[in-house]
Every structure is written in structure tokens, then in C-alpha cells.
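Protein sequences appear in the order of chains A and B. The first sequence begins at 158 in our numbering and counts up by one. The second sequence begins at -8 in our numbering and counts up by one. Below is one structure, written out as C-alpha cells, with a few remarks after it.
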Amino acid sequence: MVWSPPLRRFFSHPWVLGVLGILTVFVAWWLVTSSGMVDKLFLPGPRAVWLAGSDQFQQGILVADAVASVRRVFLGFMISAGLALPIGIAMGTNRKICHFLEPLMALIRYMPAPAFIPLLIIYFGLEELPKVMLIFIGTFFFNTLMIMDAVKFVPSELVETALTLGGRGLPILTRVVAPFIAPQVLDTYRINMASAWNLVIVAELVAANEGLGKRISLAQRFLRTDEIFFGLIVIGLIGLIIDLGFRFLMRRACSWAN
Amino acid sequence: MHLQVSQVSKSFGDGRDCKLVLQDISFELVSGQFMALVGSSGSGKSTVMRLIAGLEQPSEGTIHLDGELVQRPGSDRGMVFQKYSLYPWLTAAQNVAFGLSLQGRGKAEIRERTSYFLDVVGLADAARLLPRELSGGMQQRVAIARALATEPKVLLLDEPFGALDLQIRESMQEFLQDLWKTTGLTALLITHDIEEALLLAGTVHIMAPRPGRIVHSVDVRLDRSDLRHLRVSQPFLELREELAGRLRSLDGSLL
Ligand SMILES: Nc1ncnc2c1ncn2[C@@H]1O[C@H](COP(=O)(O)OP(=O)(O)OP(=O)(O)O)[C@@H](O)[C@H]1O
Ligand SMILES: [Mg+2]
């Protein structure tokens, strides 16, 4: 196939190909469901899913669910990220603290967070706290250990140069270590945000009054596969937006690292 | 300015793993002097420099700067590392200004000194570039400007051109020679290149490894008005050959 240069340039743009990939699956979905080959209950078509969604939107359920889920994620993740930063930096800069905490954290990290749900429900009931705690438990140890690693990779020359320029103590931390690890910290948050988002849905599947995960488990009870599909798409989209937000932040704040 | 290194020994580790890296190192450095330490890899050159910088403590002996015992790093001893020492998120100018702003100097003073020292190293045009946009030679010149900006009493250079290719290396040697002539700085240069040491330094100490110690010292008296000519002049080549022979015999005696 011979393509003209502008056309080739158009198709080599990553965004174009990405949209094309999504469109392909969408069209395939539409073709399969409109052909009548599969049971509508088993696989609803794009139109049915859209209708289920606009119905939820008009009732106000959609926004309420999304707000509930996003709030849990942000609360839990902000506590996790806020605590992981100083503790990770402390572990990365002080060998004693590192030796004391690293084995403990490495151990807890491998305990699957959803396995804590029963315990959290026993301790904290069915309100917001156990869900926020779950997100904290599921991301804190990863955040901390990844930040610790970032700190350990700060080249000693950079710190020693600051020392020989008359720097000491806190300024070394804020003006050398912090800027150097900033890109990795943002990337750490971006990656672990994805698991926070997974966990909130899991928590809501088990017990909640509202939330995107709750809606899916309700839909299952009434065999509303169209609502399940809609819920999945919304969850994916919100996650994607958060991911892009972190990437944007990283490009703006740490352009030197690209 | 008077830097005095007296009978310094340094060992790393303790007990059975204890390793003597430097043994009984003594020398003096005075204002305006350019001194070089030459030795093969592992002879402890960097360790000497780190001790003077205050990044390590001697196991025995003392280091005094103007009568004061060196115990910790300070801006009176500027240091330039072999590589990776510019802050990658700061522009060339911000890198030069870094030490000044750490010291909390005024904005106007920082701006003035930064542009002055960028000018001294010939990089006024590169002020706004990030390190990754600079060549290796330019990066090292920024690092030198940054070290000079806080006006250290002595400039410590640990193989500053070791990572550069030959051609750039030669022009950087000429640059450093000019800088020394124009600013009258005091410098201690570490290198494993005898030619570099002889071109630049008035005094050259040769170090032998295991344990690191100074085995030979020469005062170099050569006409340095034209480095390019000096490189190929007869007395220079003879001196270089003599010292190279000494270094070889040191390595040979270890085999
Ligand atoms: N912090 C340290 N702990 C243990 N051993 C060290 C330490 N620093 C240096 N050494 C040892 O001291 C010896 C001398 O090291 P040094 O870096 O001073 O040598 P050098 O002459 O600068 O070598 P090169 O030319 O390779 O830079 C080496 O054998 C090295 O392994
Ligand atoms: Mg060295």
C-alpha cells in the first residue's frame, strides 16, 4: 500500500492509533450485537448500554455514585500518599530506619488488600472508614517502598556537591532530593492510583449504599447486564482521566526528566 | 590560603575487613598554586580529595585549612566531580547560582555573580539551557563555574575531564590553564593522565596503590605560554616519559 506522506504522518500519531484501537472494538461489539447472534441479556448492544446510562444520569444516580467512589479513592489515597512521602524519604536516607521498616513493609505488601475487608468490616462497620482504610492499606506500602527506592537512586554526587557548596540539613532534602525524585514520585502515585481505583470497586461490591461498584453488584441481582457494562465503562473512563491528569502534571512539573 | 595535609592515613571498614587505602599522605598547598595528584586507578586519589573536602574523615593525621581543622564540607573548598554533578532540573545559570542561593545571598548579588562566572567559563549564551542540552565539555565548565561562584579558597577537581573525548579534553585543559592565569585560583587536580598533570600543574605528586601513598614529587618548570607547542616540546616529552616509566614500574612491581 502506498500512502501519501501526510496520511502516513496522520496514522503514525499515537493518539490516532489509540482511538482507532478503541473504535475497532466498539464497531465489533456493535456488529456482533446488532446481528442478533447473541442473547441481548448476555451481551447488550451499545444502544441499550447508552440508554441504561442516560437513565441513571437523569435519576441522578450516576453522579452520586461517581462522587461517592471518587471521594473514597481520593481520601484514602491522599492519606496514603501524604504519609508515604516522608516515611519513604526517611527510609531512603537513613539506613537504620530502612532496616527497621523495610522487612515489615515488604511482608505486608504481599498480603492482598481485599483480604483485609472482613477485618475492616468487623472493626469499622459498613460506613466510609473501612473503605478509605482499604485503599490506604492497599497503596501505602507500595507508595512508601517505591519512594524509598527513588531516594536511594539520588546520585551521591548531587548531594555531595550541595554539601561542598555550603548546604546542610533540610535544604539538601528540599532542594536536591525532592526535585530529583519528583518525577518518580508522581509516577509512583500514578501507578498505585490504579490499584486504589480497583480496590474501591471491590470494597463497594462487598458492602456500600452507593458507589459505582455498588451499582454493578445491584445490577447483577436484577440481571441488568446493560447497567453492568455501563458501570464498567464509566469506571474505566474515570481511571483513564486520573491517569492522564498525572501524566499532564508530570509533563508540566518535571519537563527536565523527559 | 594555606592547606596542610599532615600524615593522613585512611582505612575503610573495621576488624577483618579493614582496608588501608591511604598511608601517611603529607603535602601543602598555598595560594595561587596548581597541584596535581597522579596515580593509577585505586591508588586513593579520590579519597584524598574527599578527605580535603570533608566528605570523609581521616583515620589518622590532620588536614588544616588556614590553621583550622577540616571536619566537615564547606564552601571554602569547591569541588568538581568527574560527571553527573549538575542538577538536571536547573538551567546552566540556576546551577551556577545554586551555591549562592544555598548561602542565602541577595537576589541582585546572585544574578550579578552568576552572569559573571558564566562569562568567565565562556557560557553566557547557554545560561538558559538545561544540562541535557549541553555537551559534556560545557557541562563541566558549568560545574567549574558553580564551584567558583561561591569563591572557595581552593578548587578540588576530581578527574574533571576524565569522561570527555580526547579533542574536547585538550581544549578543556587549555581552558583550565587560562582560567588559572586569569583568576589566580588555587587548584588541586586529580588525574591519571600524566600529560594533563604536567601541562597544568606546578607541582605533581605521583601516587602508588595498595596502600595509596605519595612516592614521588616533581616541581614542573616549563614554559606554559603555548600549551599546544608545549605538548610536543622536547623537555616536556622527556619529563612525561620519565614519569610514565615510574608509574609503569609501580604497576610492574605489583605483578
Ligand atoms: N567508602 C569506601 N568504602 C570502602 N572502600 C573504599 C571506599 N572508598 C574508596 N574505597 C577503596 O579505596 C581505594 C581507593 O579508592 P579511590 O576512589 O580513592 O581511588 P582512585 O585513585 O580515585 O581511583 P580511580 O582512578 O579509579 O578513581 C579503592 O580500592 C576503593 O575500593
Ligand atoms: Mg577517583
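Idealized CB from N, CA, C, for every residue including glycine.
query: Rounded distance between the beta-carbons of L380 of chain A and L200 of chain A, thought under 8 Å; result: Wrong, their Cβ atoms sit about 13 Å apart, outside the cutoff.
query: Cβ-Cβ distance between G52 of chain B and G203 of chain B below 9 Å; result: no
query: Whole-number beta carbon distance between L191 of chain B and L180 of chain B, since they are thought to touch under 8 Å; result: 6 Å
query: Stretch-stretch touch, CB-based, cutoff 8 Å, three pairs: the stretch 67 to 78 of chain B with the stretch 149 to 156 of chain B; result: yes
query: Residues bridged to M40 of chain B (per DSSP); result: For M40 of chain B, which the question treats as bridged, DSSP gives no partner whatsoever.
query: Alpha-carbon spacing of F121 of chain B relative to S216 of chain B, whole angstroms; result: Contrary to the premise, residue 121 of chain B reads as Leu rather than Phe in this sequence. When rounded, the distance between both Cα atoms is 35 Å.
query: beta-carbon S31 of chain B near ligand 4 non-hydrogen atom, thresh 8 Å; result: No copy of ligand 4 appears in this structure; the ligands present are ligand 1 and ligand 2.
query: The stretch 259 to 277 of chain A / the stretch 374 to 391 of chain A touching (three or more Cβ pairs under 8 Å); result: no
query: Test: P49 of chain B CB closer than 9 Å to a CB of chain A; result: no
query: Backbone secondary structure at M26 of chain B - three-state DSSP; result: strand
query: Contact test: K10 of chain B Cβ vs ligand 1 heavy atom, cutoff 8 Å; result: yes
query: Neighbourhood of N86 of chain B by C-beta distance below 6 Å, restricted to the same chain and skipping five residues each side; result: L77, Y78, V133, R137
query: Distance cut-off 8 Å: G45 of chain B Cβ against heavy atoms of ligand 1; result: no
query: A140 of chain B, enclosing alpha helix (DSSP H) - first and last residue; result: 127 to 140
query: CB contact check: G239 of chain A to chain B, cutoff 9 Å; result: no
query: CB contact flag (V308 of chain A, G245 of chain A, <9 Å); result: yes
query: Buried or exposed by the 16-neighbour rule on C-beta atoms within 10 Å, applied to Y346 of chain A; result: buried
query: V39 of chain B CB to nearest heavy atom of ligand 1 below 8 Å; result: yes
query: Reduced DSSP secondary structure (H/G/I, E/B, other) of E361 of chain A; result: helix
query: First and last residue of the uninterrupted beta strand (DSSP E) at F18 of chain B; result: 10 to 21
query: Residues in the stretch 66 to 81 of chain B having any Cβ partner in chain A nearer than 7 Å; result: S66, R68, G69, M70, F72, Y75, S76, Y78, P79, W80
query: Cβ of G90 of chain B within 9 Å of any chain A Cβ; result: yes
query: The stretch 117 to 131 of chain B: positions lying closer than 9 Å to chain A by Cβ; result: L121, P122, R123
query: Beta-carbon proximity of A185 of chain A to L369 of chain A, cut-off 9 Å; result: no
query: Under the three-state DSSP convention, the category Q225 of chain B falls into; result: helix
query: Cβ-based contacts, 7 Å cut-off: residues of the stretch 21 to 46 of chain B near chain A; result: A44, L46
query: Close-in-space but distant-in-sequence residues of the same chain around L246 of chain B (CB under 7 Å, 5 per side omitted); result: The pLDDT assigned to L246 of chain B is 48, lower than 50, so where the model puts this residue is not dependable; a value taken from the coordinates is nonetheless given after this. Answer for L246 of chain B: no residue qualifies.
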